[in-house]
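Scroll down for the structure; my scribbles are underneath it.
Written as structure tokens, this is what we have:
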């Protein structure tokens, strides 16, 4: 378990914004998403649906994954209209 | 204590006095749901807001659960927040009470103490507050309208102190106090503003400096965060004494953590809380006229339990009578009885304690009844009869 | 000094007790007024209490042995229940055209008790509204007991009411003061 090493403020307030980025949830994954860039249309439906967000937008408009935070939930693969994303074993 | 001439006092019910005090604190947010016998407090406050006499946000919620939830949210923005409830309303708030204390929200709540159903009953007892006594709130009992008025200001100043940051309940006996009209000495709006400047707090919800409030805490952090509540509430007796001292300098009125009367040479001490303690004081004065060495300890600060303030008074006493206006079914003692006995054990004082539950559902207790309870204890002590341990019920139909 | 008011929900019993307490404050006496706590229901029997003292008031229990009993309701005025716990030298002020035999009989065991009566309903109706009954009775209480002056009661009324409502209440109070009779 990753600990956020700061003094405990009253009421457990976390005063530093974005502290959840310290918590790399990518270790939770069983399967990881991969993208077939030939099929990817850059519609970014996956980007909208990703709960983390672990979908990153590339300069060419297509997508890649931030595996530090991707929990492997598979929602992106389920929602991808051209079925460009597939879940594969680590 | 300085006494003001009656003609200089304002006639107000305790509920009206509480509402007037809250108005003078320049409260920012009130979220409340009406319930007998608290209704007049929130009615008056909604009138003040409606008339423009009080510039506050009055949130008319659909339940007490929502009332306390709204209070928590408002308090986290740094606002000064008030609510009021009673009985079933406090019970419905229950889970949010813990959130208020653990998120360190300095909310002030007037509780017009009332019995819990069933049977349904609208009258006074302390079952409501006793049911939530472990929720991490500071609890103060008052004996009359003047104390209620004064304690509202003190409660806000105590609650909002950055060393404390805990919610405070001001407990007002339903009907016996809430609906009783008497002369109240008030402070000016200017004095109120001096005593209670606008709330300033370090951590609050503000989109320009984002922070996380109410984060999930796993076994690695939860315990420490809860312990903070306990260590903060331990600071209350000292802090409240300071707050009272400042208030005393302004008004000449001071109540202390415990209302001690004739305890110096008392053989039997009576422990009580709320309006009945005032009646008991009269009973003690009558017993003293008869040469009976009895004394009164009125529990004014109930949470934290003011052990250090009580102990000096009980040293030298031969027995205590503890009167509880709430039950703790199946427990070895009723709520205040439990605290008193724990305190005595820790201090190595082994004297008999008679613990009575009285006055549930608004059943009255008179000064004459208090006299007979104490006289019985005095006789038992003199004759060497053993004092019955455990909980007994006073004034129950036999 | 302890006072007990009897009446029915809607007759201003609680208000009468409060007005008396407020008038006592004006006369520099400590006072406490409170209703016999219950769900307020129009027409149901209601009691309210006043304690008056030169010293700050401690006792918060109900009143068990009043020095003064006031009945604002004509029907309750014939009931001996109103004498419960009355002080041996107490005073009773009832809203009634006359005094019932049962009440006279019950009171005979306490020869030093003074009994006063007033047709407050008649006075109130002559002013156009039965709701002025309580003011008329307060006037009667002032005269019969001397516990408070008519002037103090009038001052309190002036802080609560305005216009014709105030005028009629003041008239009712004055008439009550003038017309109350001793049995």
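Protein chains in written order, with our numbering: chain A, 94 to 183; chain B, 7 to 404; chain C, 308 to 490.
Glycine included, C-beta positions come from ideal geometry on N, C-alpha and C.
May I have the straight-line CA-CA distance separating residue 154/A from residue 169/B, to the nearest angstrom? 53 Å
Quick check: the Cα distance between residue 352/C and residue 387/C, rounded to an integer number of angstroms? 14 Å
Taking Cβ positions only, does residue 165/B come closer than 8 Å to chain A? no
Starting from the beta carbon of residue 415/B, find every residue of chain A whose beta carbon is closer than 7 Å, and list them in chain order. Not covered by the structure: residue 415/B. The range shown for chain B is 7 to 404.
Exposure of residue 432/C, with buried meaning 16 or more beta-carbon neighbours within 10 Å: exposed
Counted within 10 angstroms of its Cβ, other Cβ atoms place residue 323/C as buried (16 or more) or exposed: buried
Exposed or buried, what is residue 325/C when buried is set at 16 or more other beta-carbons lying within 10 Å of its beta-carbon? buried
Check the Cβ-Cβ distances between residue 296/B and every residue of chain C, and say whether any is below 8 Å. no
Using a Cβ cut-off of 9 Å, pull out every chain C residue sitting near residue 11/B, in sequence order please. Those within 9 Å of residue 11/B in chain C are 335.
On the criterion of 16 or more Cβ atoms from any shown chain inside 10 Å, does residue 94/A qualify as buried, or is it exposed? Below a pLDDT of 50, predicted positions are generally treated as unreliable, and residue 94/A, at 44, falls in that range; the measurement from the model is reported next regardless. Residue 94/A should be labelled exposed.
By the DSSP assignment, the alpha helix (DSSP H) with residue 398/C in it spans what residues? That residue, residue 398/C, is in no alpha helix (DSSP H); its beta strand (DSSP E) goes 398 to 402.
For a minimum of 3 consecutive residues, which ranges assigned as the beta strand (DSSP E) are wholly contained in the segment 277 to 303 of chain B? With a minimum length of 3 residues, no continuous beta strand (DSSP E) run stays inside the segment 277 to 303 of chain B.
Chain-order list of residues whose beta-carbon lies under 7 Å from that of residue 450/C (same chain, five-residue window excluded): 484, 487
Under the three-state reduction of DSSP, which class applies to residue 489/C: helix, strand or coil? If DSSP states are grouped into helix, strand and coil, residue 489/C belongs with the strands.
Could you spell out the range, first to last residue, of the alpha helix (DSSP H) harbouring residue 371/C? No alpha helix (DSSP H) holds residue 371/C; DSSP gives it neither H nor E.
Using a Cβ-Cβ cut-off of less than 9 Å, list which residues of the segment 104 to 128 of chain A approach chain B; keep chain order. 104, 105, 106, 107, 108, 109, 110, 111, 112, 113
Quick check: what's the CA-CA separation for residue 217/B versus residue 210/B? 8 Å
Residue 371/B in three-state terms, based on DSSP: Three-state result, residue 371/B: coil.
Residues of chain A with a CB under 8 Å from the CB of residue 171/B: which are they? The answer, in chain order, is 103, 104.
So, does the segment 11 to 18 of chain B touch the segment 161 to 169 of chain A, judging by three or more C-beta pairs under 8 Å? no
Quick one: measure Cβ to Cβ for residue 319/B and residue 286/B, integer angstroms, because I've assumed they're closer than 8 Å. 15 Å between Cβ atoms; not a contact.
Residue 83/B at chain A interface by Cβ criterion, 8 Å: no
Evaluate residue 97/A with the Cβ neighbour count: other Cβ atoms within 10 Å of its Cβ, from every protein chain shown; 16 or more gives buried, anything less gives exposed. Its pLDDT being 49, under 50, residue 97/A is placed unreliably in this model, and the value from its coordinates should be taken loosely. Residue 97/A is classed as exposed because its beta carbon has fewer than 16 other beta carbons within 10 Å across all chains shown.
Name the chain A residues whose beta carbon is nearer than 9 Å to that of residue 417/B? Residue 417/B lies beyond the range of chain B shown here (7 to 404); nothing can be said about it.
Within chain B, partners of residue 338/C - CB distance below 9 Å: Simply 12, 17, 187, 188, 189.
How is the beta strand (DSSP E) around residue 421/C delimited, first residue to last? 421 to 425
For residue 312/B, tell me which candidate among 46/B, 263/B, 352/B has the shortest Cα-Cα distance. 263/B
For chain B, is any of its Cβ atoms less than 8 Å away from the one on residue 348/C? no
Within 8 Å (strictly less), CB to CB, does residue 341/C reach chain B? yes
For residue 478/C, collect the residues of the same chain with a Cβ closer than 7 Å to its Cβ; drop the 5 residues on either side in sequence, then sort them by chain order. Setting aside the 5 residues that flank it on each side, residue 478/C is surrounded in the same chain by 434, each with a C-beta closer than 7 Å to its C-beta; the list follows chain order.
What's the gap between the Cα of residue 417/C and the Cα of residue 259/B? 44 Å
In angstroms with no decimal places, state the Cα-to-Cα distance between residue 80/B and residue 135/B. 23 Å
Per DSSP, what kind of secondary structure is residue 378/C in: helix, strand or coil? strand
Please list the residues of the segment 227 to 261 of chain B that have a C-beta atom closer than 8 Å to any C-beta atom in chain A, keeping them in chain order. Flagged, chain order: 227, 230, 231, 234, 238.
Answer with yes or no whether the minimum CB distance from residue 268/B to chain C is below 8 Å. Residue-level contact by beta carbon fails for residue 268/B and chain C, as no gap is shorter than 8 Å.
Report all residues from its chain with a CB closer than 7 Å to the CB of residue 84/B; omit the five preceding and five following residues, and keep chain order. Closer than 7 Å at the Cβ level, and outside the excluded window around residue 84/B, lie 205, 207, 210.
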